[in-house]
Structure formats: structure tokens, C-alpha cells
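To keep things clear, I will list the structure first and then write my remarks on it.
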Amino acid sequence: MSAYMQSDSARQIGRGLAGALLVAAIWELSARGLNLPAYVLPSVTSILGGLVNDAASLAKAARYTAAESFAGYVIGCLVGMAAAVLVTMIPAARSVVLPLATAINSVPVVAYSPLVLLWFGMGMASKIVMVAVAVSFTIFLSTIAGLDRVDRKSVDLIRSFGAGRLAVLWRLRLPTALPLIIAGMRVSTVRSVIVAIVTEMLGAYDGLGWIIYQAVLQIDFVKVWAAIIVASSISLTFFGAISFIERRYVFWR
Amino acid sequence: MTQGTMALSDEGSRGAAADATGLIDRLGFSSGKVTMSTNVKLEAVEPAVTGEGEKPLIELRNVSKTFGAVKALSDLEVSIRPGELVTVVGPSGCGKSTLFNILAGLEEPDPGNVLRLKGVSSTASDLLGKVSFMPQRDLLLPWRNVIDNAILALEIEGMPRSEARRQAMEMLPEFGLAGFEAQYPNQLSGGMRQRVALMRTFLFKRDLMLLDEPFGALDALTRTMMQRWLLDVWQKHKRTVLFITHDVDEAIFLGDRVLVMTARPGRIKLEQVVDLPRPRKADIVTSPEFIALKKTLLEAIEEESMKSFQVSGH
Ligand SMILES: Nc1ncnc2c1ncn2[C@@H]1O[C@H](COP(=O)(O)OP(=O)(O)O)[C@@H](O)[C@H]1O
Ligand SMILES: [Mg+2]
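Just so you know, the protein sequences line up as chains A and B, in that order. Letter by letter, the first sequence follows residues 18 to 270 in the working numbering. Letter by letter, the second sequence follows residues 286 to 599 in the working numbering.
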């Protein structure tokens with residue numbers, strides 16, 4: 018059974034790689050064949066060359082951005098879950114907090130970036146805050162939705178066993194919410210990297226966003242693309258890791 | 286692996302038949318025990334037959350329950366003696382589950398009621414954690430395997446997991462679940478899920494056990510096997526049981542008494558003592574005494590079903 022699943026996911030990865038190779042080949046051919054200028058589309062081989070040339074600075078920037086994204090992500094997940102649990106435990110808070118959260122969440126968080134840069138400076142802190150805010154709203158809303166999914170009859174059952182509110186939360190509501198919480202966490206991985214990079218573009222001392230911004234100013238489009246590819250790999254790895262955890266721990270439906 | 290296949294076939298004819306054969310084996314095996322416990326059982330039944338003999342375990346008087354404009358129960362009176370197995374029948378929507386919710390402490394009846402547990406006046410919420418309750422659906426938790434679903438109540442009581450698991454493992458064979466402890470609910474047939482839910486209820490050792498249509502969703506064959514098995518387990522564990530069903534045969538076959546409820550608002554229409562000897566064999570359902578009881582009960586139920594049909598028709 019598990020061998021079958023493994024070979025299945027191996028086949029999926031294989032297909033993904035084949036697709037990527039195909040896209041790269043078409044890209045390479047059209048960039049060279051049509052003689053496109055670098056600001057439109059540099060060739061794949063020149064981007065690979067750029068990756069090698071700038072390997073050191075790209076690696077440093079990647080670590081920087083990954084650290085910001087991950088720190089903000091963890092904080093955002095914890096804050097979002099904790100707030101959701103609090104709000105469901107205090108029904109009075111719910112009617113106030115939920116519309117507010119939905120309203121704030123409907124404005125793209127990056128709109129707050131200039132303010133956050135002013136308040137927290139150009140260093141890592143401002144990016145971590147931005148990512149944490151973006152992630153926490155998503156996790157907050159998906160956790161609330163998950164906690165609400167609990168079946169009243171199941172709550173009654175475990176109350177009849179003498180369970181108090183905490184036991185109901187721990188043994189029933191949180192596990193019921195887990196599939197939605199993790200789905201929210203999976204979506205948030207990509208979002209956290211995007212928010213970190215966009216905020217870096219608006220002001221930073223390092224990071225992939227900062228590299229992209231600098232490269233555009235220097236009209237070095239090969240470097241822009243190299244940084245974009247590094248950023249995509251970070252996102253994909255992050256996404257893959259959470260998907261793996263999801264498949265492993267949410268085995269029921 | 287053959288066991289695994291059986292578990293995976295959900296309630297299909299093959300799964301049900303496999304369930305049933307498994308149970309027949311077990312019943313055959315334990316029949317010696319049943320005869321041995323007969324004497325003990327007769328003592329417990331006697332007061333039920335003669336009445337007045339023993340103090341009731343639980344007593345309800347003037348219990349009504351209104352949901353908005355709907356009056357679900359009206360001046361209900363019920364009294365259950367220790368060790369009795371009392372079955373409850375009535376048209377659907379007459380308030381049977383509401384009665385159980387009150388006894389489990391989940392719903393407070395309208396003011397003016399009397400509710401006594403072992404002679405002590407209580408509110409419904411005092412009963413939370415004191416009654417072992419099995420709701421109409423099995424409500425197994427999909428993220429817990431068989432053994433961990435079975436110990437849910439024990440865990441909430443604060444028993445260490447290892448001790449709770451040990452107790453549950455001992456009970457597995459009796460519930461026909463040996464070897465299935467690590468399976469998850471979505472891998473089990475309907476009959477097995479129901480037995481896991483029953484095991485969870487049995488492991489929560491309380492004086493009063495409430496079973497709400499536990500076999501309602503099972504096919505006829507599995508259901509008959511489960512009834513015989515339940516009597517077997519009940520006689521061994523000597524619990525007081527209140528059992529809701531919509532099947533008159535089941536009500537008579539299992540019960541020391543059958544309570545027939547009226548159409549909504551529910552009251553007790555008829556209280557029928559079932560004077561059939563125990564242990565009861567499967568063929569008892571064809572005995573003249575059984576048929577006579579069935580006739581009386583069916584008439585009473587018919588009358589109420591007609592009423593509820595007319596009410597809901599409007
Ligand atoms: N929580 C509730 N809120 C409103 N009405 C309810 C509630 N629970 C039960 N009822 C109503 O009370 C009546 C009796 O329901 P129930 O006890 O479930 O019947 P039964 O189990 O006998 O089929 C039904 O009309 C049902 O709609
Ligand atoms: Mg019901």
C-alpha cells in the first residue's frame with residue numbers, strides 16, 4: 018500500500034520535472050530564436066549562468082528571506098490559532114472581532130507595508146511583522162471555520178462523559194479543526210514568502226526582494242530572473258514540506 | 286489480510302454476513318456462561334416483576350420539555366429500578382431522544398419537574414458525567430483508532446491512557462473487535478462501528494446506561510445477532526439499561542418492561558411488563574406469550590402513530 022503510494026508520488030514528481038524541462042526548452046528556444054532582449058526574457062542558460070555567478074550573494078539573500086518568512090510564518094500561525102481559540106471560547110468577543118478581522122483581511126496586507134517599515138525599520142523586524150500579520154489573519158479565519166465545523170451531537174456526547182470546555186476544545190474542537198487549519202497553513206507558506214519579498218522591495222538591507230529591486234535599477238535582468246527562481250524554490254520547498262505534514266497527520270479525509 | 290478485507294467491505298451483504306457469523310461463533314462459545322448467570326439474573330428481574338420491591342435508581346415525575354413552540358415531552362413519569370433493562374418505543378418525533386438528553390444531563394427540562402437519582406433530587410445538569418450515554422449515531426472520532434475511540438470517556442475521567450487502553454484491550458474480544466484495535470472508523474463496517482460505540486459506553490461504568498436506537502441502522506441479520514449479544518453482555522455486566530428502539534420485536538425480546546410513548550408531546554402511554562424467562566432464545570419470538578405481548582404493544586403504537594401522522598399531516 019505505502020509502496021504503491023510512494024511510486025505514485027515518485028511518478029508525480031517525475032511528471033513535474035518533465036514538464037519543467039519542456040517549459041525550459043521552449044523558453045530557451047524562443048528567447049534565442051526570436052533574439053529577445055534580456056529585459057523581455059533572458060534565455061534559460063544565461064539565467065543559469067547568473068545563478069552560478071551570483072551564487073554567494075543569492076544564497077545569503079535566500080537565507081535572509083527564508084528566515085524572515087519562516088519566523089513570520091511561525092508567529093503568524095501561533096497568533097492566528099491562539100486568537101481563534103480565544104474568540105471561540107468567549108462568544109461575546111466573536112461578534113466584535115470576526116467582522117473586524119474579515120475587513121482587515123480584505124485589504125491586501127502589503128498595503129500596510131510602508132507604515133510597518135516606518136514603525137519597525139528597514140531590517141528583518143518589519144518583514145517578520147508583515148508576514149506574521151498576513152499569515153495570522155489567514156490562519157485565524159481558517160481556524161475559526163474549522164472550530165465551527167464541530168458537530169453539536171459530538172460535543173453533547175463528550176459533555177455527557179463529564180468533559181468541561183477545555184476538554185471539549187482539546188479532544189474534539191481542535192482535532193476537528195485540524196484539516197482546515199493545515200489547509201490554511203499550506204496556503205500561507207507561499208503567501209509568507211511573497212509578502213517578505215514585496216516588503217523587501219520597499220526597503221531592506223538584504224534579501225531576495227532587495228536583490229531584485231537593486232538588479233532592476235542596474236538593468237541586470239538576468240539577476241532579476243535568477244533571484245525569482247531562487248524565491249520560487251524557497252516557496253515550493255516550504256509548500257511541499259507543509260503538504261507532506263498535512264498528508265501524514267490528516268489521514269482521515 | 287482476510288480480516289482486513291472483511292472490515293473494509295462496508296455494510297454490504299458480505300460484511301454483514303461476516304459480522305453475523307462472527308457473532309454466532311462468539312455466542313455459541315459463551316453460552317455456558319449465560320446459563321451460569323441465569324440465577325443471578327432472576328434475582329435482579331424479580332423486583333421488576335413484582336414491583337415496589339426496590340428503590341428506583343432513577344425517577345422522573347412531571348417532566349416536560351418545550352422547544353420554542355414545540356412541546357416535546359409532557360408530564361412524563363418514568364421510574365427505573367437497578368438492574369432493569371427497560372425498552373422505550375414510540376412514534377418518531379415523540380421525544381424519546383429528548384428524554385435521553387435530559388437523563389444524560391444535556392437538556393434541562395421545563396421547571397416544575399422532579400428528577401431523582403438514587404433518591405437524591407437533582408437537576409439534569411447534575412447528571413453530566415453520571416450516566417453512560419450512547420447517542421443515535423455512533424459519533425466515532427475519525428482521527429482515533431478503535432481502541433482510542435473506546436477509551437474516550439475514560440480519558441476524560443482522567444484515567445491514564447495506558448491503563449484505559451489495557452482495560453479496553455481486555456474487552457475487545459467480547460465486543461467482537463479483537464485484532465481491530467488499530468483500525469480507524471472509516472475502515473469498519475456499520476455493525477463494527479456500532480460495537481465500538483457500545484464498547485465506549487460500557488467502558489464508562491455508570492449505574493445507568495442509555496442506548497438510543499443502537500441497532501437502528503443495521504440490517505436485520507446483524508441486528509438479531511447484536512440483540513442476542515447485548516443480552517449476553519448485559520447479563521454479565523449487570524447494568525441498568527434504558528433502550529430506545531422503533532422495533533417492537535426488539536423491545537420485547539430485550540426488555541424487562543416496555544414503555545410505549547404517546548405521539549408528541551410524549552408521555553408514557555403504556556407500561557408493559559415482559560414476563561418472558563431469561564435467558565431468551567432466538568425462537569422465543571414465535572411463542573404465544575411473545576405474540577400476545579406484541580399484539581398489545583402494536584395496537585398501542587399503531588394508535589399513537591396514527592395520531593402523529595395526522596398531526597404532522599397538517
Ligand atoms: N434542540 C432542539 N430544538 C428544537 N426542537 C427540538 C430539539 N430537539 C428535539 N426537538 C423537537 O422535539 C421533538 C422530539 O424530538 P426527539 O426527542 O428527537 O424525537 P424522537 O427521538 O422520539 O424521534 C421533535 O419534534 C423535534 O423536532
Ligand atoms: Mg430519536
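Idealized CB from N, CA, C, for every residue including glycine. Remember, it's a predicted structure, so these values are computed and weren't measured experimentally.
Those residues which DSSP pairs with residue i across a bridge
i: residue 364 of chain B; result: B:344
i: residue 525 of chain B; result: B:493
i: residue 555 of chain B; result: B:545
i: residue 356 of chain B; result: B:351
i: residue 406 of chain B; result: B:401
Residue i beta carbon near ligand 2 (any heavy atom closer than 8 Å)
i: residue 498 of chain B; result: yes
i: residue 159 of chain A; result: no
i: residue 112 of chain A; result: no
i: residue 520 of chain B; result: no
i: residue 421 of chain B; result: yes
i: residue 377 of chain B; result: yes
i: residue 350 of chain B; result: no
i: residue 474 of chain B; result: no
i: residue 590 of chain B; result: no
i: residue 251 of chain A; result: no
i: residue 387 of chain B; result: no
i: residue 586 of chain B; result: no
i: residue 529 of chain B; result: yes
Three-state secondary structure (DSSP) of residue i
i: residue 351 of chain B; result: strand
i: residue 267 of chain A; result: coil
i: residue 372 of chain B; result: strand
i: residue 539 of chain B; result: helix
i: residue 391 of chain B; result: coil
i: residue 418 of chain B; result: strand
i: residue 480 of chain B; result: helix
i: residue 329 of chain B; result: Note that residue 329 of chain B has pLDDT 39, beneath the 50 cutoff, so the model's placement of it is unreliable and the number below is only indicative. The answer is helix: DSSP assigns residue 329 of chain B an H, G or I state.
i: residue 503 of chain B; result: coil
i: residue 322 of chain B; result: The pLDDT assigned to residue 322 of chain B is 37, lower than 50, so where the model puts this residue is not dependable; a value taken from the coordinates is nonetheless given after this. Residue 322 of chain B falls in the coil class under three-state DSSP.
i: residue 437 of chain B; result: helix
i: residue 56 of chain A; result: coil
i: residue 71 of chain A; result: coil
i: residue 108 of chain A; result: helix
i: residue 113 of chain A; result: helix
i: residue 430 of chain B; result: coil
i: residue 530 of chain B; result: coil
i: residue 566 of chain B; result: coil
i: residue 443 of chain B; result: coil
i: residue 458 of chain B; result: helix
i: residue 93 of chain A; result: helix
i: residue 423 of chain B; result: coil
Closer than 8 Å: residue i CB and nearest ligand 1 heavy atom
i: residue 171 of chain A; result: no
i: residue 176 of chain A; result: no
i: residue 450 of chain B; result: no
i: residue 166 of chain A; result: no
i: residue 533 of chain B; result: no
i: residue 549 of chain B; result: yes
i: residue 155 of chain A; result: no
i: residue 382 of chain B; result: yes
i: residue 355 of chain B; result: yes
Item to complete: Report yes or no: do the region 47-65 of chain A and the region 237-247 of chain A share at least 3 C-beta pairs separated by less than 8 Å?
Response: yes
Practice prompt. Take every Cβ of the region 381-391 of chain B, pair it with every Cβ of the region 412-429 of chain B, and state whether three or more of those distances are shorter than 8 Å.
Written response: yes
Fill in: Three CB pairs or more closer than 8 Å across the region 397-411 of chain B and the region 432-443 of chain B
no
Worksheet item: Do the region 65-83 of chain A and the region 186-200 of chain A touch if we need at least three Cβ pairs shorter than 8 Å?
Response: no
Worksheet entry | Cβ contact check for the region 208-218 of chain A and the region 38-52 of chain A: 3 or more pairs under 8 Å | no
Item to complete: Kindly confirm or deny that the region 582-596 of chain B and the region 542-554 of chain B touch, where touching means at least three C-beta pairs closer than 8 Å.
Response: yes
Fill in: Touching by the beta-carbon criterion (3+ pairs, under 8 Å), the region 107-126 of chain A and the region 254-269 of chain A
no
Worksheet item: Can you list the alpha helix (DSSP H) stretches of 4 or more residues lying completely in the region 151-239 of chain A, in chain order?
Response: 169-177, 182-185, 191-219 and 225-234
Worksheet item: Counting pairs of beta carbons, one from the region 536-546 of chain B and one from the region 452-472 of chain B, are three or more of them closer than 8 Å?
Response: no
Worksheet item: Below 8 Å, can you find three or more Cβ-Cβ pairs linking the region 146-164 of chain A to the region 84-100 of chain A?
Response: yes
Fill in: Contact the region 506-519 of chain B vs the region 558-578 of chain B: 3+ CB pairs below 8 Å
yes
Item to complete: Check whether the region 87-94 of chain A touches the region 169-179 of chain A, taking contact to mean three or more Cβ pairs, one atom from each stretch, closer than 8 Å.
Response: no
Worksheet item: Given 8 Å as the limit, is there contact between the region 516-530 of chain B and the region 461-471 of chain B, that is, 3 or more CB pairs closer than that?
Response: no
Worksheet item: Can you find at least 3 beta carbon pairs, one from the region 572-581 of chain B and one from the region 351-369 of chain B, that sit closer than 8 Å?
Response: no
Worksheet item: Are the region 206-215 of chain A and the region 136-148 of chain A touching by the rule of at least three beta carbon pairs closer than 8 Å?
Response: yes
Worksheet entry | Inter-stretch contact (C-beta, 8 Å, three-pair minimum) for the region 420-437 of chain B and the region 465-485 of chain B | yes
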